[in-house]
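**Student:** I'd like to ask some things about the structure below.
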Amino acid sequence: MRNLLFLIAAALGALLPSCTPANRVVENPLIETANTRTLDIVKVELSDTATVLHVNAYHRPKNWIVISSDSYLQIPARKFMLTGAEGITPDSLFWMPDSGRASFMLRFPPLPRGTKSFDFIESDCDDCFKLYGVDLTGKTEYPEFPEGLPRELRKAPKDGPVPDPIFAVGETRVNIHLLGFREGMYKDMTLYINSMLTGHERKDAPIDPETGVATFKFGQYGPSLIYGNPAGPGSMHLNFWTAPGETADIYVDLTEKGKSIVQRRNNEQPKRAPLYSTGTYGALNTLFNGSETKTIALDTHTGEFADYRMTADEYVQMVASKYKLLADSIARSGMSSMMTELSLLSLQQETLNAFANSRFFLEHNYRSEHNMWDRNAKPDYEFAKLTSENQAMLCKLFDINNPKLPMGVRIFEYQRAALAPDIDWAQLVEATSPLADLRKVSSLPSKAENDALTEADLAALRSLKNPFYTEACEAIQARVRRELAALEGKVKIEETPDVAPDKLFDAIVAPYKGKVVLVDFWNTWCGPCQAAIKANEPLKTGELKSDDIVWIYLANETSPLATYKTQIGKIAGKHYRLNEEQWKYLCEKFKVDGIPSYVLVDRDGNSKLRNDLRNHDKLKKTLKKMIE
445 MRNLLFLIAA ALGALLPSCT PANRVVENPL IETANTRTLD IVKVELSDTA TVLHVNAYHR
505 PKNWIVISSD SYLQIPARKF MLTGAEGITP DSLFWMPDSG RASFMLRFPP LPRGTKSFDF
565 IESDCDDCFK LYGVDLTGKT EYPEFPEGLP RELRKAPKDG PVPDPIFAVG ETRVNIHLLG
625 FREGMYKDMT LYINSMLTGH ERKDAPIDPE TGVATFKFGQ YGPSLIYGNP AGPGSMHLNF
685 WTAPGETADI YVDLTEKGKS IVQRRNNEQP KRAPLYSTGT YGALNTLFNG SETKTIALDT
745 HTGEFADYRM TADEYVQMVA SKYKLLADSI ARSGMSSMMT ELSLLSLQQE TLNAFANSRF
805 FLEHNYRSEH NMWDRNAKPD YEFAKLTSEN QAMLCKLFDI NNPKLPMGVR IFEYQRAALA
865 PDIDWAQLVE ATSPLADLRK VSSLPSKAEN DALTEADLAA LRSLKNPFYT EACEAIQARV
925 RRELAALEGK VKIEETPDVA PDKLFDAIVA PYKGKVVLVD FWNTWCGPCQ AAIKANEPLK
985 TGELKSDDIV WIYLANETSP LATYKTQIGK IAGKHYRLNE EQWKYLCEKF KVDGIPSYVL
1045 VDRDGNSKLR NDLRNHDKLK KTLKKMIE
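First residue of the sequence shown: 445, per our numbering; consecutive thereafter.
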């Protein structure tokens, strides 16, 4: 009897999916995750003859989107290809109206009865629209925690003071767990390690397609704030701290990408993507990436921060007044204790920089008002310079010796303040403050990255009270030497012609007269440069494969030598590494306003700055036309 009841129950269970109504409508289905906020599936019609998606699109007015005819719905092991559309023509440019909102329908074959969710894949290209886990069961709430998050991280992070910065050296390991990851979403992960000593270092790692985990190992020198994102459209931007020498596991809830498709809910603003973290800074990372974080800042780089006509006293009073007002806003913000302190530390980093680089901000306002963005043009105005008495006003605003100051999110503002030539930190801070040492050692980490530290440099480092700087620079140089030894004979840096700077460019391109030469100004630390090179590289063996095109890459010595050699090994072309004088001259000659920048040389040897070629499609079309 028991076996009979079991068989009946099993049979009924097998029949349940087929009992799902054939004709039904799912309104506003939850979407698990996506690589875009441009599309939102607001209704799904299910029947025995078709599956119809009602899609809302949100994009910049008078810009276009495309829906591929190769779009399909996917459930495990099965694909259902697009069969028709209404309100949009597949494979054609769809121009967004002035409202920036549009609606259309996409038709697919019927899904099997009982299907609980599906993925919408707008063909298999890397940058196509992809919406995963479109729910058909009528769920109205997302789970409180993402699947795969360890139980110990499911409790609220402990509030308290911001942890101290750790001035130490060690190899750090970071495991990024993308919870809700699906194969095909992203292939790679990029991290930018930002520290006072080594600046802005880029690290890349593949994402394991089965586990959704990307693992990084890197030398860390002191406190570091890390920015990161998966490489692909609609990627999430992560921010977290790590301690030197430890292993940190970072769990990222990708369902936030689904939650962020919110236009159908009265334009409710999405929460920031939750990030859960282990390690010394675990609570700080989780709280910072939570929804409570507020941005309260001086906004010094708007061009309207200061009035260039101000006297030194007026400037100092302006900065002090803004600081006090914003500090009061932070105190009344209602944030947790840790986020309140972190916001105040970040504001103080900005304020340090505002005092230390006053003339920069006064000149920035002048250039903004006079539309003078050519940095080679010098303003015809004498800007106020702060006196030592003006600078001492800082000490009355907050404790500039606070050892936690390097922990603020504006770490580069802090670094710029430390290196500013117009302020004498030795007269203002205690000898143990990083502000007292950073200027003294500012050039040495770069020299270590280029295997150029001398005994005199090491003696200067050892004279400092804090041994951290010596340990860090020696560790950097030792790592670089190991990396360079491993690269010996594997890559080639072209010999820079031994000519005056004004003859250099002609000497570099002269051997290629009669050909089309694209000269790319770049550096290893430049994210947009990296992205452009990655996009252009396949062209050399594809659409633009031609002996009539020469690809020349110019970088300078700010690209760490080992990193530079590692990267150029993957970039086809001629590579030149220029010194400061050579780089500066060529940038001034061609009016380079930033990198990447491109100088195009035609078959007759005529050269011209062509930054319109930052547009990848324009670059392809231009080079194709020139070699026809």
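For each residue, glycine too, the CB sits at the ideal point set by N, CA and C. Please read these numbers as outputs of a predicted model, since none were measured by experiment.
1. Comparing C-alpha positions only, which one of E813, L731, F562, N1000 sits nearest to A600?
2. Taking just the CA atoms, how far does A896 sit from E918?
3. For I1071, count neighbouring C-beta atoms within 10 Å of its own C-beta (all shown protein chains included) and say buried if the count is 16 or more, exposed if not.
4. Helix, strand or coil for S765? Go by DSSP, reduced to three states.
5. Does I920 come out as helix, strand or coil in the three-state DSSP assignment?
6. Taking the C-alpha atoms as reference points, what is the distance between S512 and G558?
7. Straight-line CA distance for Y956 to D535?
8. Skipping 5 residues on each side, what residues in its chain have a beta carbon closer than 6 Å to that of K701?
9. Could you give the first and the last residue of the continuous beta strand (DSSP E) run that contains M525?
10. With 16 other CB atoms within 10 Å as the buried threshold, where does V469 fall?
11. Give a yes or no on contact between the segment 904-913 and the segment 980-992, applying the rule of three or more CB pairs nearer than 8 Å.
12. Would you kindly report the start and end of the unbroken beta strand (DSSP E) that includes F562?
13. Of the residues M782, L791, F660, A756, which one's Cα is nearest the Cα of L770?
14. Looking at the strands, I want to know which residues DSSP matches up with I996.
15. Enumerate, from N- to C-terminal direction, the unbroken alpha helix (DSSP H) stretches of 4 or more residues contained entirely within the segment 820-861.
16. Any contact between the segment 835-846 and the segment 815-824? By contact I mean 3 or more CB pairs, one from each, below 8 Å.
17. Spell out a yes or no on whether the segment 1042-1051 and the segment 955-975 are touching, meaning 3 or more CB-CB pairs, one atom from each, closer than 8 Å.
18. Does DSSP classify T495 as helix, strand or coil?
19. What is the residue span of the beta strand (DSSP E) that S781 lies within?
20. Per DSSP, H644 forms a beta bridge with which residues?
21. Quick one: does the C-beta of I670 sit closer than 6 Å to a heavy atom of the ligand GTP?
22. Evaluate L580 with the Cβ neighbour count: other Cβ atoms within 10 Å of its Cβ, from every protein chain shown; 16 or more gives buried, anything less gives exposed.
23. Measuring CA to CA, which of M525, H498, S877 is closest to N845?
24. Does DSSP put T990 in a helix, a strand or coil?
25. K768 to N797, Cα distance in whole Å?
26. Among G689, P587, R883, which one has its Cα closest to the Cα of F435?
27. For K936, which of A675, K1018, G734, T699 has the nearest alpha-carbon?
**Tutor:** This is what the structure holds:
1. For the purposes of this step, residue 600 is taken as residue 156 along the sequence shown, with counting starting at 1. Minimum Cα distance to A600 is reached at L731.
2. Along the sequence shown, read from residue 1 onward, the residue named residue 918 stands at position 474. Along the sequence shown, read from residue 1 onward, the residue named residue 896 stands at position 452. Their Cα atoms are separated by approximately 11 Å.
3. Position 627 of the sequence shown holds residue 1071. I1071 is exposed by the Cβ-count criterion.
4. By 1-based counting over the sequence shown, the position of residue 765 is 321. Reduced to three states, the DSSP call for S765 is helix.
5. Counted from its first residue, the sequence shown places residue 920 at position 476. Three-state DSSP puts I920 in a helix.
6. On the sequence shown, residue 512 is found 68 positions in, with the first residue counted as 1. On the sequence shown, residue 558 is found 114 positions in, with the first residue counted as 1. Going from the Cα of S512 to the Cα of G558 covers about 27 Å.
7. Numbered from its first residue, the sequence shown carries residue 956 at position 512. Numbered from its first residue, the sequence shown carries residue 535 at position 91. Distance between the alpha carbons of Y956 and D535 is about 40 Å.
8. For the purposes of this step, residue 701 is taken as the residue at position 257 of the sequence shown. Contacts found: T477, A478.
9. Counting from 1 along the sequence shown, the entry for residue 525 is found at position 81. Element bounds for M525: 522-525.
10. As a working note, residue 469 is residue 25 in the sequence shown. Its Cβ having fewer than 16 others within 10 Å, V469 is exposed.
11. no
12. Position 118 of the sequence shown, counted from the first residue, corresponds to residue 562. 561-565 is the span of the beta strand (DSSP E), which, as asked, contains F562.
13. Indexing the sequence shown from 1 puts residue 770 at position 326. Nearest option by C-alpha distance: L791.
14. One-based indexing of the sequence shown puts residue 996 at position 552. Its beta-bridge partners are V963, K1018.
15. 832-836, 838-841
16. no
17. yes
18. As a first step, residue 495 must be located in the sequence shown, where it is residue number 51. T495 falls in the strand class under three-state DSSP.
19. Along the sequence shown, read from residue 1 onward, the residue named residue 781 stands at position 337. Premise fails: S781 lies in the alpha helix (DSSP H), 781-800, not in any beta strand (DSSP E).
20. Numbered from its first residue, the sequence shown carries residue 644 at position 200. Answer by DSSP bridge pairing, in chain order: N638.
21. This structure lacks the ligand GTP, and indeed carries no ligand of any kind.
22. Reading the sequence shown from its first residue, position 136 is the one you call residue 580. Classification of L580: buried, given that the 10 Å Cβ count is 16 or more.
23. To locate residue 845, count along the sequence shown from 1; it is residue 401. The shortest Cα separation from N845 among M525, H498, S877 belongs to S877.
24. One-based indexing of the sequence shown puts residue 990 at position 546. The sequence shown places Ser at residue 990, rather than the Thr named in the question. Coil at S990, not helix or strand.
25. Position 324 of the sequence shown, counted from the start, is the residue given in the question as residue 768. Position 353 of the sequence shown, counted from the start, is the residue given in the question as residue 797. Answer to the nearest angstrom: the Cα atoms are 16 Å apart.
26. The first residue shown for the chain is 445 and the last is 1072, placing residue 435 beyond what the model contains.
27. Here residue 936 is taken as the residue at index 492 of the sequence shown, counted from 1. Nearest option by C-alpha distance: K1018.
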